[in-house]
Amino acid sequence: MTIHSIVIQKLRSTNAQLGRRVAAHHFKIYTYGFRNGMAIIDSDKTLICMRNACNFIGSLAREKGRFMFINTNPMFDEIFEQMTKKIGCYSPSANALWRTGGFLTNSGSPKKFRSRNKKLSFGPAQPPDCVVIMDTERKSSVIKEADKLQIPIVALVDSSMPLDYYKRIAYPVPANDSVQFVYLFCNLITKTFMLEQKKLAATENEPKIQAREEMASIEQSKNKLDFAKHKVVVVPYDSLTPITEDTADIKQLLEKLVVLKFNGSLGTQIGLSGPSYALGIRFVEA
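In our numbering, the protein residues as written are 38 to 323.
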């Protein structure tokens with residue numbers, strides 16, 4: 038059994054292929070057919086759309102973009118809470134804040150809402166870079182607001198979604214919005230975030246690792262200098278050791294030795310303020 042067949046079998050175990058009884062005309066590109074008046078969604082196309090959505094989410098996570106996950110279905114609250122805690126993203130549905138429309142388009146206005154002498158917080162002041170919606174049937178106003186702000190939308194779409202809302206979604210995922218499939222899709226998003234976070238941590242630590250390797254190579258070169266094999270030997274200025282009194286050895290050493298004296302007060306890069314290092318040779322009496 039191939040990996041593709043295993044993934045398709047996993048999708049079918051979550052009832053992702055079962056659409057609603059009413060199938061819109063624009064949704065027929067994702068349907069495999071009809072059975073007992075119910076649309077059967079093609080699992081291969083669902084898998085392709087899931088890959089495109091995860092690639093887009095991963096590219097934004099790589100650039101440290103802002104995400105907003107919208108959910109108003111109480112059955113998905115626990116799934117969303119676990120996902121947002123792991124990836125560290127904002128979810129207004131977890132705090133029951135997204136109950137009235139307009140707070141995405143009016144996020145920049147400095148208004149204060151009061152209700153029963155209590156201040157209410159309606160989310161972050163800056164608009165997100167991506168909006169992820171799991172239950173599009175319940176919150177169609179979010180789609181209009183995000184489209185007005187030109188924010189890309191990743192959403193689960195079913196066969197009964199109207200064309201007016203469907204064309205506003207940048208990355209639709211045709212599937213049944215069951216609890217099993219929502220858990221599977223949120224798990225994929227979580228793994229995508231964790232993978233990109235590991236890559237970011239590795240890239241941030243690369244300069245430090247390279248600097249440590251360079252320092253280690255310099256320390257090793259202090260004690261392992263073979264003047265007979267190398268035409269030119271570069272030695273840091275501060276690591277010079279006393280030389281012998283033999284004139285032949287001194288002559289051979291001076292022909293091959295280049296000593297770098299780093300000038301810390303002038304910086305470590307060549308610029309208009311001065312050079313980064315100066316050439317110098319120091320003689321130490323034995």
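Where a beta carbon is used, it is the ideal one built from N, C-alpha and C, also for glycine.
Distance check between C86 and each of K235, L193 and A285 places L193 closest, using alpha-carbon atoms only.
For the options Q217, P211, R249 and K236, the alpha carbon positioned closest to that of R88 is the one of P211. For a cut-off of 8 Å, the C-beta gap from D166 to G102 is around 4 Å, short enough to register as a contact. Just measuring C-alpha positions, the residue of A90, G70, R72 and E100 sitting nearest L237 is E100. Counting along the chain, Y69 sits inside the beta strand (DSSP E) bounded by residues T68 to R72. Rounded to whole angstroms, the separation of the alpha carbons of Q163 and F104 is 11 Å.
In the three-state reduction of the DSSP assignment, I170 falls in the strand class. For the pair of segments examined, the stretch 180-190 was found not to touch the stretch 219-230: the number of CB pairs separated by less than 8 Å stays below three. Taking 9 Å as the cut-off, the Cβ atoms of V169 and I94 count as close. Note that the C-beta distance between I116 and V191 is not below 9 Å. If the five residues before and after F64 are omitted, its C-beta is found closer than 6 Å to the C-beta atoms of S196, all from its own chain and listed in chain order. As the crow flies, the alpha-carbon of P199 is around 33 Å from that of K122.
Here the C-alpha atom of F106 lies approximately 32 Å from the C-alpha atom of F71. Relative to M171, the option among K204, M120 and F113 whose CA is nearest is F113. Taking 9 Å as the cut-off, the Cβ atoms of Y208 and P189 count as close. Take the alpha-carbon of V216 and the one of L84: they are about 17 Å apart. Residue state for P111 is assigned as helix, using DSSP reduced to three classes. A98 sits close to E233, with the two beta carbons spaced by under 9 Å. The three-state reading of DSSP puts A192 in strand, counting E and B together. Relative to the Cα of I206, the nearest Cα in the group T173, M75, S96 and S80 belongs to T173.
The beta carbons of M120 and N224 sit closer together than 9 Å. A239 has its alpha-carbon roughly 50 Å from the corresponding atom of A285. The criterion of a C-beta distance shorter than 9 Å is not satisfied by D214 and N73.
The three-state reading of DSSP puts I85 in helix, counting H, G and I together.
Rounded to whole angstroms, D81 and K204 show a C-alpha spacing of 21 Å.
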